[in-house]
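Residue 9 is where the sequence shown starts when you use my numbering, and the numbers rise one by one after that. We treat Cβ as the ideally placed atom computed from N, Cα and C, and that holds for glycine. Data block below; observations after.
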Amino acid sequence: MGLLLVMLFGAGLVPMSSRGGSSVFAPVRQRAARACIAMDAVSGSDRPIKKLLSDLQFLGPLRFIVQGSGAILESVAEVGSVTYKVLDSGAELATLKADTGSSDFEAHVRLSEVSGARFETKDKADGKTLFLIRLINQQGAPALTCLLQAESDDGDYDPSAVQFYNGLRDHFGESFIA
9 MGLLLVMLFG AGLVPMSSRG GSSVFAPVRQ RAARACIAMD AVSGSDRPIK
59 KLLSDLQFLG PLRFIVQGSG AILESVAEVG SVTYKVLDSG AELATLKADT
109 GSSDFEAHVR LSEVSGARFE TKDKADGKTL FLIRLINQQG APALTCLLQA
159 ESDDGDYDPS AVQFYNGLRD HFGESFIA
């Protein structure tokens, strides 16, 4: 898996800080170090959903969206680590956690309730494009949506984050079964 990381760096697929200025988010070296740990943790896994969750660390800040029956929850965070735990029921839980000191963000995903994932892009009226990753539940509806979050005041994405998103979509396809 370490070779994969080197290949991603060589291909320019690991996001870097915003070009021409510093990012308020973790530098790419910290992202890469965390990703090495995460990739080692899932290297023996043949489950694409675990690989995708670990790869979220390379996308920089993401907007997480969960739609309930009476409310919508949105939060912006940069995934710093992904851990897995088998619950007493035997179900596996993935925890995505921000490693920034100012954020207590955690998202828990019940892997047994995720049937797949889907990559989508949506063009907005202002000419911007949204880049989405949807984790799909057993009923075929989004359980969790992750959007690339613009890192600059002008609303532009880090170009390397978009490139990495496109690389993920090319690797996994437009959608896959978990």
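Range covered by the beta strand (DSSP E) that runs through residue i
i, result
"V138", "Strictly speaking, residue 138 in this sequence is Leu, with Val absent from that position. Looking at the DSSP string, the run of the beta strand (DSSP E) that includes L138 is T137 to N145."
"V157", "In the sequence under discussion, the amino acid at residue 157 is Gln, which differs from the Val named in the question. Unbroken run through Q157: none, as it is neither H nor E."
"F180", "Note, F180: premise wrong, no beta strand (DSSP E); alpha helix (DSSP H) at P167 to F180."
"F72", "P69 to Q75"
Residue i (DSSP reduced to helix, strand or coil)
i, result
"S123", "strand"
"D63", "helix"
"L95", "coil"
"K58", "helix"
"A79", "coil"
"A151", "strand"
"S31", "Only weak support is given to the placement of S31: the predicted model assigns it a pLDDT of 43, under 50, and the value that follows is read from those uncertain coordinates. Correct three-state label for S31: coil."
"M47", "A caution first: M47 carries a pLDDT of 45, below 50, which makes its placement in the model too unreliable to give a value."
Beta-carbon spacing of residue i, residue j below 8 Å
i, j, result
"Y173", "L60", "no"
"F184", "A125", "yes"
"E82", "I73", "yes"
"L152", "L143", "yes"
"V90", "A102", "yes"
"Q171", "R71", "no"
"A115", "G88", "no"
"E159", "P69", "yes"
Exposed unless 16 or more other CB atoms sit within 10 angstroms - verdict on residue i
i, result
"L140", "buried"
"K130", "exposed"
"V122", "buried"
"I57", "buried"
"D166", "buried"
"D161", "exposed"
"S97", "exposed"
"H179", "exposed"
"S62", "buried"
"A79", "exposed"
"A169", "buried"
"Q233", "Outside the displayed span of the chain (9 to 186) sits residue 233, for which this structure offers no information."
Per DSSP, the bridge partner or partners of residue i
i, result
"R118", "L101"
"K130", "L138"
"A186", "According to DSSP, which records beta bridges pairwise, A186 is partnered with nothing at all."
"A106", "V87"
Below-8 Å beta-carbon distance, residue i vs any chain C residue
i, result
"G78", "Going by chain labels, chain C is absent from the structure shown, which holds only one protein chain."
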